[in-house]
Amino acid sequence: MYNVKVRGVLIEGNKSYHDITQDVNGPLLSKTTPNWWWMAAFVASSMLIWGVWGFYNTVTVGTGTWGLNNSVSWGWAIINFVWWIGIGHAGTAFSIFLLVLHQKWRTSINRAAEAMTIFAVMAAGMFPLIHMGRVWDGFYAFPYPNTRGPLWTNFNSPLFWDVTAISTYLTASFLFWYVGMMPDFASIRDRTVSKIKKKIYGILSFGWLGSARGWLRFESAALLMGGLTAPLVVSVHSIVAMDFAAGIVPGWHSTIFPPFFVVGAIFSGFAMVLTLMIIVRKVYKYEEYVTRKHLDAIARVLTFVSLIMGVAYVTEIFIAWYSNSPYEMYVFFKSRAIGDYAFEFWAMIVCNAIIPQLFWFKKIRTNITMVFIISIFINIGMWFERFVIVVTSLSKTWLPSTWHNYSPTTTEVAIYVGTLGFFVLGILLFLRFLPMMAASELKGILKETSIVTENTKNHE
Amino acid sequence: MSKQNQILGVFNDPDEVSEAVGKLLQNNIQVKDVYSPFPLEHVWEKLKLKTRIPYATFLYGAFGTAGTFAFLYWTSVINYPLIYGGKPTNSLSFIVLMFVLTILSGVIFTLATYLIREKMWPGREVNMPDSRSTDDKFVIVIEKDKNMDDEAVRKIDELLKKSGAVEVNMSNV
Numbered sequence: 035m036y037n038v039k040v041r042g043v044l045i046e047g048n049k050s051y052h053d054i055t056q057d058v059n060g061p062l063l064s065k066t067t068p069n070w071w072w073m074a075a076f077v078a079s080s081m082l083i084w085g086v087w088g089f090y091n092t093v094t095v096g097t098g099t100w101g102l103n104n105s106v107s108w109g110w111a112i113i114n115f116v117w118w119i120g121i122g123h124a125g126t127a128f129s130i131f132l133l134v135l136h137q138k139w140r141t142s143i144n145r146a147a148e149a150m151t152i153f154a155v156m157a158a159g160m161f162p163l164i165h166m167g168r169v170w171d172g173f174y175a176f177p178y179p180n181t182r183g184p185l186w187t188n189f190n191s192p193l194f195w196d197v198t199a200i201s202t203y204l205t206a207s208f209l210f211w212y213v214g215m216m217p218d219f220a221s222i223r224d225r226t227v228s229k230i231k232k233k234i235y236g237i238l239s240f241g242w243l244g245s246a247r248g249w250l251r252f253e254s255a256a257l258l259m260g261g262l263t264a265p266l267v268v269s270v271h272s273i274v275a276m277d278f279a280a281g282i283v284p285g286w287h288s289t290i291f292p293p294f295f296v297v298g299a300i301f302s303g304f305a306m307v308l309t310l311m312i313i314v315r316k317v318y319k320y321e322e323y324v325t326r327k328h329l330d331a332i333a334r335v336l337t338f339v340s341l342i343m344g345v346a347y348v349t350e351i352f353i354a355w356y357s358n359s360p361y362e363m364y365v366f367f368k369s370r371a372i373g374d375y376a377f378e379f380w381a382m383i384v385c386n387a388i389i390p391q392l393f394w395f396k397k398i399r400t401n402i403t404m405v406f407i408i409s410i411f412i413n414i415g416m417w418f419e420r421f422v423i424v425v426t427s428l429s430k431t432w433l434p435s436t437w438h439n440y441s442p443t444t445t446e447v448a449i450y451v452g453t454l455g456f457f458v459l460g461i462l463l464f465l466r467f468l469p470m471m472a473a474s475e476l477k478g479i480l481k482e483t484s485i486v487t488e489n490t491k492n493h494e
Numbered sequence: 009m010s011k012q013n014q015i016l017g018v019f020n021d022p023d024e025v026s027e028a029v030g031k032l033l034q035n036n037i038q039v040k041d042v043y044s045p046f047p048l049e050h051v052w053e054k055l056k057l058k059t060r061i062p063y064a065t066f067l068y069g070a071f072g073t074a075g076t077f078a079f080l081y082w083t084s085v086i087n088y089p090l091i092y093g094g095k096p097t098n099s100l101s102f103i104v105l106m107f108v109l110t111i112l113s114g115v116i117f118t119l120a121t122y123l124i125r126e127k128m129w130p131g132r133e134v135n136m137p138d139s140r141s142t143d144d145k146f147v148i149v150i151e152k153d154k155n156m157d158d159e160a161v162r163k164i165d166e167l168l169k170k171s172g173a174v175e176v177n178m179s180n181v
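Residue numbers (this note's numbering), protein chains in the order written: chain Y, 35 to 494; chain U, 9 to 181.
Below you can see the structure in the form of structure tokens.
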């Protein structure tokens, strides 16, 4: 049972059920779109348009427009792919891990985190597609009866597992997210006075009733779908890690990669949730729902995960030394620590393993501005981690005659910025048109976790 | 009056609803359904509602595992046995795809089952007994059958109000 006395209230301000309905549906039912929304949408669209130019350039000319070469054949595209996939892990981690662990503080954040997952995974998916060079042959990645044999795809390749795992992850996350919104769509349908909105949200709600039997089936189906999706969080990023670890390149060929990548994904996902929720609670005045205690809880999780990241980095370095392989040792002690990409390597260590340790201090953990800044540092640090893994390993392998440095071209930068624009635009549309907090779940925990009685007050 | 064949007890509090359902059942009054803004587990217990969706999900998952293995075996061993890196064509690494597609099959078919059982589809027209039940009200629906005289209706009304109902309405939905 949740103990208000020990954990504190989850929804502040002694809300009633009706208040929650009003607060969640308010921004959707409002006829005016706020100015900041238009401004943000304009910036995001501009970024997206630049990205479309990058795509166009790549498709019409080819991957020659990128800074890749024979040695560094994976560049920004793979770095950004892994980075986005990592961010895309937050939604499921939030919704499902915390659901299984009975962490009730997830309810005001899970919907937004799931939306983040959907858009981040979509952004991630664009990179392998465009990396093929011939995007129009992308369907070759799927096994279908063809006239070439039929020659099937290589079912033992981590690259094909990736295609399957990510498509599955996107499908399952989307369905879980959508099903969770149906009761809230019904609530909007029954509240709105606009006929068009009533029609649209009525269609989206699939004719939701909210009867006892309906809720029972809903809860059962949602729990099963969530429970089934949970292992995907582990498997998707393990498979992404195997794209690297199954290769023999020094710095990649390591059994630590799958767990290391999964932890890294949860780390960057939680950091992005923090970044996003700090902005959302401010602009939508949701401080009573996403309370300081929520942010504190995420910060604590990040401190712990940051420690795991630190241990993983140290373990990698130790194993490189312990292996006594000159190539492994070269990668870690020369190429990364003091080589051409030393800045990226040390930025990764500082941003991921050291800066988040500041959360040990209560003063920093409870200072929203500091928390926001640190969350940005983690996002950057995780990007550098993927840069270090991809570029330092590939640029200097066994034969010095194949050594080649790498720097991105404008096209690559444009595509990356474009996906950022796509992500932000997606989140903006979500905030404007869909219920951004799970109103029905908030109502479900309200009485148990947020009603302040005389005793609670005395205790505090 | 003859068309209004449902009695609706409207409540403000989730715990009062489940108590009221218990009291109605004790008095041998059939509760047709309870509409609420969020799931009420105590009401399910009292109405003895059960769902078999978990069993169905297990079957869908098993189907996903077996189906994926059958497909991989057929493509890689029977239809076009191509050797990759000297590995056996019937490979242990099939497990990865079997794992992922088991989940996909389970998720998609569970959702489909749920929607079919609830007869839900995009654009389905609904008539809520009381549309406030998606906001902050909890509504107990009691079917008024032909045998019920005014006396019986009055008794139900009294019982509902005593258990904390803020309103008792008649409806024909």
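Cβ atoms here follow ideal geometry from the backbone N, Cα and C, with glycine treated the same way.
Check: In angstroms, rounded to a whole number, what distance separates the CA positions of D57/Y and F128/Y?; Outcome: 22 Å
Check: Grouping DSSP H, G and I as helix and E and B as strand, with all else coil, what is N489/Y?; Outcome: Unreliable placement is indicated for N489/Y, whose pLDDT of 48 sits below 50; no coordinate value is reported for it.
Check: Check the C-beta distance from V51/U over to K145/U and give it rounded, since I have them as a contact under 8 Å.; Outcome: In fact, because the Cβ distance is near 14 Å, the residues do not count as touching under 8 Å.
Check: Going straight from the alpha carbon of E446/Y to that of G85/Y, what length do you get?; Outcome: 9 Å
Check: Check distances from the C-beta atoms of the stretch 236–263 of chain Y to those of chain U and list, in chain order, the residues that come in under 8 Å.; Outcome: G236, I237, L238, F240, G241, W242, L243, G244, S245, A246, R247, G248, W249, L250, R251, F252, E253, S254, A255, L258, M259, L262 and T263
Check: Identify every residue that forms a DSSP beta bridge with L16/U.; Outcome: V149/U and N177/U
Check: With a cut-off of 8 Å, does the C-beta of K56/U fall near any C-beta of chain Y?; Outcome: no
Check: Relative to chain U, which residues along the stretch 132–152 of chain Y have a C-beta separation below 7 Å, given in chain order?; Outcome: none
Check: Taking just the CA atoms, how far does G125/Y sit from G248/Y?; Outcome: 25 Å
Check: Could you have a look at S245/Y and say whether DSSP puts it in helix, strand or coil?; Outcome: strand
Check: Quick one, which residues of the stretch 10–26 of chain U are near chain Y if we go by CB-CB under 9 Å, in chain order?; Outcome: N20, D21, P22 and D23
Check: At a Cβ cut of 7 Å, what residues of the stretch 135–148 of chain U count as close to chain Y, listed as they run along the chain?; Outcome: M136, S139, S141, T142, D143 and D144
Check: Using a Cβ-Cβ cut-off of less than 7 Å, list which residues of the stretch 204–216 of chain Y approach chain U; keep chain order.; Outcome: T205, A206, L209 and V213
Check: Looking at chain U, is there any beta carbon in it that lies within less than 8 Å of the beta carbon of Y323/Y?; Outcome: no
Check: Could you spell out the range, first to last residue, of the alpha helix (DSSP H) harbouring Y174/Y?; Outcome: Unbroken run through Y174/Y: none, as it is neither H nor E.
Check: Give every residue of the same chain whose Cβ lies closer than 8 Å to the Cβ of Q14/U, excluding the five residues on either side of it in the sequence, and list them in chain order.; Outcome: K40, P137, V149, I150, E151, K152, M178, S179, N180 and V181
Check: Assuming I412/Y and A333/Y make a contact with CB atoms under 8 Å, what is their CB distance in whole Å?; Outcome: Not confirmed; about 11 Å, so no contact.
Check: Kindly indicate the opening and closing residues of the beta strand (DSSP E) around D41/U.; Outcome: D41 to Y43
Check: Inspect the beta-carbon positions of Y43/U and L480/Y and report whether they are closer than 8 Å.; Outcome: no
Check: Please give the ranges of any alpha helix (DSSP H) in the stretch 42–79 of chain U, keeping only runs that are unbroken, at least 4 residues long and fully inside the region.; Outcome: 49–55
Check: Where does the unbroken alpha helix (DSSP H) through T110/U begin, and where does it stop?; Outcome: F102 to R125
Check: Assign P265/Y to one of three DSSP states: helix, strand, or coil.; Outcome: helix
Check: Helix, strand or coil for D374/Y? Go by DSSP, reduced to three states.; Outcome: coil
Check: Quick one: any contact between the stretch 343–359 of chain Y and the stretch 276–295 of chain Y, if contact means 3 or more CB pairs under 8 Å?; Outcome: yes
Check: What is the rounded straight-line gap between the Cα of A346/Y and the Cα of A299/Y?; Outcome: 13 Å
Check: Going by beta carbon distance, what residues of the same chain come within less than 7 Å of D143/U, once the five residues before and after it are set aside?; Outcome: P45
Check: Look at the Cβ atom of W195/Y, then the Cβ atom of I273/Y, and state whether they are nearer than 8 Å.; Outcome: yes
Check: 8 Å is my cut-off, CB to CB: does D196/Y come that close to chain U?; Outcome: no
Check: CA-CA distance, Y450/Y and F456/Y?; Outcome: 10 Å
Check: Using a Cβ-Cβ distance cut-off of 8 Å, determine whether S79/Y contacts chain U.; Outcome: no
Check: Consult DSSP for S10/U and reduce its assignment to one of helix, strand or coil.; Outcome: For S10/U, the predicted model reports a pLDDT of 44, less than 50, meaning its position is unreliable; a value from the coordinates is still stated below. Coil.
Check: Would V176/U and K170/U be called neighbours here (beta carbons separated by less than 8 Å)?; Outcome: no
Check: Would you check if the stretch 179–193 of chain Y and the stretch 149–160 of chain Y touch, i.e. whether three or more CB-CB distances between them fall below 8 Å?; Outcome: no
Check: Tell me whether the beta-carbon of N48/Y lies closer than 8 Å to the beta-carbon of Y440/Y.; Outcome: no
Check: Cutting at 6 Å between CB atoms, please list the residues of its own chain near A111/Y, excluding the five before and the five after it.; Outcome: F161 and H165
Check: With DSSP collapsed to three states, give me the class of T325/Y.; Outcome: coil
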